[in-house]
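When we follow my numbering, the leftmost residue of the sequence shown carries the number 79, and every step to the right adds one. All residues carry an ideal CB built from backbone N, CA and C; glycine is no exception.
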Amino acid sequence: MSLPRIFLAGNPNSGKSTLFNALTGLHHKTANFPGVTVESLQAEIELRTVGQTILVDLPGTYSLYPQSQDEWVACQALVQAASEGLPTLGLAMQVVLNKCDRVASPGMKGVVQWFENEMKIKALVCDARKGLGLKEVSKAFDQRLSEAVHSEASNEPGNWATSWNQVFGQGLEAQNTASDAVRARHSAETIDRYRRINQSLKTCPLHETKAKAALPNGPDRVLLHPVGGILVFVAVMALMFQALFAWASYPMDFIENIMLWAGENLRQILEPHSPALSHLVTKGLMPGIGGVLVFVPQIFLLFLFLVLLEESGYMARVSYLMDRNLKRIGLNGKSIVPMLGGFACAVPAIAATRNIVSWKERLSTIMVLPLMSCSARLPVYALLIQFAVPEGYILGIFSLQGLTMMGLYLMGVVAAVLSALVMKFWIREKGPSYFMLEIPAYQWPVSRNLWQVPLRYCLNFVQGAGKVIVIVSLLLWVLASFGPGHKITETLTGKAPTPALEQSYAGVLGKALEPAIRPLGFDWKIGIALVTSFAAREVFVGTMATIYGLEGDPNEEGNQLRLKERMQKDTVEGSKEPLFNRAAVWSLLVFYAFALQCMSTVAATRQETRSWKWPLIQLFYLSALAYLASLAVYQWSL
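Structure representation (structure tokens):
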């Protein structure tokens, strides 16, 4: 027997996900802008009378007749429930007035009484962010669900559910084939609902209460100004990238020293017993894993800034500010949310495009999203920038390396804008386009989210990258430790010499790639890293750490140098010129800024477009863009 279900439904930005997290103990990402929940999240909760129950967090929707993919997910779930025997639109309902901290306490009593008198519905108040009123909400859910379970229900779906299924039952795209009369009726009904709601609210005593100001809205005169708002946004981004270098340097040095110390101690313990195992752990696994861990502080700071922007209400204002400009290049104001989310990871950002109504604008957003520099590129940028840009400050405040990183992010944004402009004239429209957004009041972020959310993303980053790093490091160790003409068993037992890296299987693979990448300033070692990076971009650092850790005698003086120092000592084959000279490093930075080196992103595009056509086009055009841009940068810099 299936468990009973409770659906959390309502407009975007009403706090459904926050309430869901508070009631279930889970910590899904919440933000102070619409469109965060793009698919139904669910978890089991225990109610006193009913027992085990499934709580479902639906995407926000403004209408029962969906215009976007996330609205369709919400409505389809309600229609399915209505079709399973509950009354027409007739689902047992409990109104919860969230964010009650916005209204003075005495005033809320009048609002609750108004719901009972005028709307004939009992309402509850709560503040899910602060955990106020949750016991009352759980008790009410238990009571309403118990009444619904024990009431007699019809086996026939209601009129609304039947009508909805006729138009939308086969998916959101079915609306495009519906008659003009049907679409007009849906629009008229939605408008009429809001008209009647607004008319009823005129009698609500809410306007007589004194709202509690979380933060003043006065800054909107600047933040929403078409010029001043954009300048402020650029300044905020500049501050964020300065912090990524200035604040993170100390914990990064600490982690790097710990990894070096651990590697040396493991070598001393393992080598007397098993030289092969010692070589695998200290020259294969440890450099690769350490190459990812060292950048965790920067990942934490990146997400800390994103949480501050989201929960304060600033992100929604950026969406509103950018809508007019984004329309000009074929995108939508709502595109800014997944695009900024792309700074974290392109995979959830691609899923977040579901709240964009227009298929053309949604597809264009998906196609350009990989150009937004994700957190996986951050370790690559941080490593390579040290070779291309000296340490120093402008005006004693702005770090040259921090400004360079910001420039790389802005370069990706500019490339995304130009790509979207091309697609504006290439992708054909399939449906309507409009922009609806609620501007939330400013509010102080929840203190626990300032460390819980960044910490959770860091753990996900380490766990996700760690699995790939371990596999890649093991594979690289095998490929770099053995080669043609070297028997594995004899090499492991010490009877045969270990081949030089260039004569190993990894070297053979790299040499095969070198002719294609040499015009970009890359050698065969970088070629190996480019191939392994397709599993995940951050694997580049782990691959380079493993490759350079495998070079040379483990007991040779200076072998425990940091990765940067080892790379600095490497030279172009047949010359004394540094391999990682400024031209080659800039070429590599540009390549990583544009290239689609992420299997997960390809899979996400395939899932959202339901076709291999678009991910293959995406992979081809981004690879071509990366190669040609990198070629131009290197040849121009020579």
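Secondary structure of residue i, DSSP reduced to three states
i	result
A613	coil
E286	Because E286 sits at a pLDDT of 44, beneath the cut-off of 50, its placement in the model cannot be relied upon, and the point is left open.
S80	coil
G129	strand
V491	helix
Q277	helix
S232	Per-residue confidence for S232 stands at a pLDDT of 47, beneath the threshold of 50, marking its modelled position as unreliable; no derived number is given.
D631	Below a pLDDT of 50, predicted positions are generally treated as unreliable, and D631, at 44, falls in that range; the measurement from the model is reported next regardless. D631 falls in the coil class under three-state DSSP.
L210	strand
S477	strand
N91	coil
I333	helix
I472	strand
F503	coil
Q120	strand
F698	helix
R649	Correcting the residue type first, residue 649 is Thr in the shown sequence and not Arg. Looking at T649 - three-state DSSP - the assignment turns out to be strand.
A519	coil
F373	coil
P137	coil
F85	strand
V385	helix
D601	coil
Exposure label - residue i; buried when at least 16 CB within 10 Å
i	result
A623	buried
Y487	buried
F698	exposed
G419	buried
R615	buried
G470	exposed
N527	buried
K54	Limits of the chain in this structure are 79 at one end and 716 at the other, which puts residue 54 out of reach.
Q541	exposed
E439	buried
E655	exposed
K647	exposed
G93	buried
G636	Here G636 scores only 39 on pLDDT, less than 50, and its place in the model is too uncertain to base an answer on.
G296	exposed
N633	Summary for N633: the model assigns pLDDT 41, below 50, so the residue's position carries little reliability; its value from the coordinates is reported in the next sentence. Answer is exposed; the Cβ neighbour count stays below 16.
G103	exposed
Cβ-Cβ distance between residue i and residue j below 8 Å
i	j	result
M450	W692	no
P518	G391	yes
I434	N403	no
L379	L322	yes
V381	A422	The question names Val, but residue 381 is Phe in the sequence shown. Contact flag set, yes.
A155	F85	yes
L51	L667	In the structure as shown, the chain begins at 79 and stops at 716. Residue 51 is therefore absent and cannot be evaluated.
Closest residue to residue i among the options (Cα-Cα distance)
i	options	result
L709	W690, L674, A661 and T683	A661
V717	L97, L528 and S525	The first residue shown for the chain is 79 and the last is 716, placing residue 717 beyond what the model contains.
K200	L478, A218 and G209	A218
L700	D270, A494, A152 and R402	A494
E225	I269, W242, K213 and Q172	Q172
I275	F193, Q320 and H351	F193
A681	G307, P426 and N527	P426
A721	F381, P375, L344 and T360	Outside the displayed span of the chain (79 to 716) sits residue 721, for which this structure offers no information.
C452	M417, L481 and W437	M417
S525	T621, E196 and L386	L386
M483	I347, F319, Q713 and R596	F319
C536	W690, Y520, I333 and I377	I377
L371	R299, F85, G620 and R688	G620
E388	W522, A266 and E686	W522
L399	Q479, A316 and V312	V312
S141	G129, E267 and R207	E267
Q221	P82, Q464, L657 and I472	P82
M501	L478, G408, R432 and V492	G408
S146	A159, H357 and T431	T431
V650	W602, I695 and A707	W602
A87	G129, A159 and V128	A159
Inter-residue CB distance, residue i and residue j (contact presumed, cutoff 8 Å)
i	j	result
S611	F618	5 Å
L223	L101	That pair is no contact at about 13 Å.
R395	L301	5 Å
Y670	R644	Rounded, the Cβ-Cβ distance is 20 Å, inconsistent with contact.
C153	V174	That pair is no contact at about 20 Å.
L441	I428	Contact doesn't hold; Cβ gap of about 11 Å is too wide.
W690	A466	Actually they do not touch by this definition, with Cβ atoms about 37 Å apart.
A584	L554	6 Å
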